[in-house]
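Student: Residues -23 to -1, 1 to 225 in mature numbering (1 follows the signal peptide of the UniProt record, and there is no 0) are what the sequence shown spells out, letter by letter. Pasting a structure below so you can have a look.
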Amino acid sequence: MSLLRITSLACLALLLGACQSLFTPNMRTPLQVQRDASELIKPGCTTVDCPLVNVDTVHFPDEPRLDAIVQKTLLQLTVGETSASAPPSVKAYQEQFLSQAQGRNASYLQAKVREQHDGIVVVELSSYLDNGGAQGNPGRAFINYSRQQQKVLTLADMIIPGKESEFWQKAQLAHQSWLVSTKMNEDSEFIKTWPFKRTPHIALTYGAVILKYPVETIAPYAMGHIELKIPYPQLNGIIKSELFPGRG
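Here it is in structure tokens:
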């Protein structure tokens, strides 16, 4: 092959690579996020504590698939773990809730970007339903969205096949560390009443893998949503290597 042909092919390869980089999104550049907050009070209410719906969510203009997932997951929090169907839209939920709400009933829904790194967008969602009682009903959820794969990552997507039991062993160690840090390990009754459990709420944050627990799962209501942290070095050979920060 002549030197001229080799040079031409090399230039063509460089040109194609440059074109590809122009049209491929830079996964290290965070997605644009637009906040959307509103609060509606029950029509006709004139008392101090009117029923209300407060929604504070986010939108992703450049990632419509993620935008739809966030809104759907947020609405799913309004029905919790029941078999009821989630409302089709935020507006529909607001109208439905306010039409039935009494006294100082209130509903709060929030979605926020917790982190963006290595092409992964971690969205934390929360809900709080106040039915006028002494304690409201809070809910939580995480979305780990892979921009490269254009989908939400489940635990099965994160873990090397066959390593799930090892993952939960590391989670148990994180739970033991939390008990020590809060001195709950010194309370035998607490240990007996609130043993370690698994949670579906897992987040691939930059500093650690976070496990978040619904209230009254591994601790009493007053302690809120407990977070356990598993440092990435402990997850070598358990979590897929491409999901480690800086390796994607």
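Beta carbons: idealized from backbone N, C-alpha and C, even for Gly. Just so it is clear, the structure is predicted and the values come from calculations on it, not from any experiment.
1) Below 8 Å, can you find three or more Cβ-Cβ pairs linking the region 133 to 142 to the region 163 to 175?
2) Within 10 angstroms of its Cβ, does Asp107 collect 16 or more other Cβ (buried), or is it exposed?
3) Are three or more beta carbon pairs between the region 212 to 223 and the region 187 to 197 nearer than 8 Å?
4) Under 8 Å: do the region 123 to 130 and the region 138 to 150 share three or more Cβ pairs, one atom per stretch?
5) Pick out whichever of Val90, Lys19, Ala148 has its Cα sitting closest to the Cα of Ala83.
6) Lys160: buried (16+ other C-beta within 10 angstroms of its C-beta) or exposed?
7) Report yes or no: do three or more beta-carbon pairs, one from the region 144 to 163 and one from the region 68 to 79, lie closer than 8 Å?
8) On a CA-only basis, which of Pro210, Ser76, Phe37, Leu205 is nearest Val98? Give me that one, please.
9) Whole beta strand (DSSP E) runs in the region 65 to 143 with 3 or more residues, listed along the chain?
10) Go to Ser165, then tell me how far its alpha helix (DSSP H) extends in each direction, as first and last residue.
11) Would the region 109 to 122 and the region 47 to 66 be scored as touching if the rule is three or more Cβ pairs under 8 Å?
12) Evaluate Ser104 with the Cβ neighbour count: other Cβ atoms within 10 Å of its Cβ, from every protein chain shown; 16 or more gives buried, anything less gives exposed.
13) Could you pull the start and end residues of the beta strand (DSSP E) that Gln9 belongs to?
14) Provide the residue span of the beta strand (DSSP E) that contains Ile207, from first to last.
15) On a Cα-Cα basis, can you pick out the residue from Glu40, Asn114, Gly223 that is closest to Leu8?
16) DSSP three-state label for residue 238, please.
Tutor: In terms of the structure at hand:
1) Contact fails: fewer than three Cβ-Cβ distances are below 8 Å.
2) By the C-beta density criterion, Asp107 is buried, having at least 16 other C-beta atoms within 10 angstroms.
3) Contact fails: fewer than three Cβ-Cβ distances are below 8 Å.
4) Flag = no, the region 123 to 130 and the region 138 to 150 do not touch.
5) The candidate whose alpha carbon is nearest that of Ala83 is Lys19.
6) By the neighbour-count rule (16 or more Cβ atoms within 10 Å), Lys160 is not buried but exposed.
7) Output reads no: the region 68 to 79 does not touch the region 144 to 163.
8) That would be Phe37, whose Cα lies nearest to the Cα of Val98.
9) Taken in chain order, the unbroken stretches of beta strand (DSSP E) that lie wholly in the region 65 to 143 and span 3 residues or more are 83 to 94, 97 to 107, 114 to 123.
10) Residues 165 to 170.
11) Yes, they touch.
12) Buried: at least 16 other Cβ atoms inside 10 Å.
13) Taken as a continuous stretch (DSSP letters only), Gln9 belongs to no beta strand (DSSP E), as it is neither H nor E.
14) From DSSP, the beta strand (DSSP E) with Ile207 extends over 204 to 207.
15) The closest CA to that of Leu8, considering only Glu40, Asn114, Gly223, is found on Glu40.
16) Residue 238 lies beyond the range of the chain shown here (-23 to 225); nothing can be said about it.
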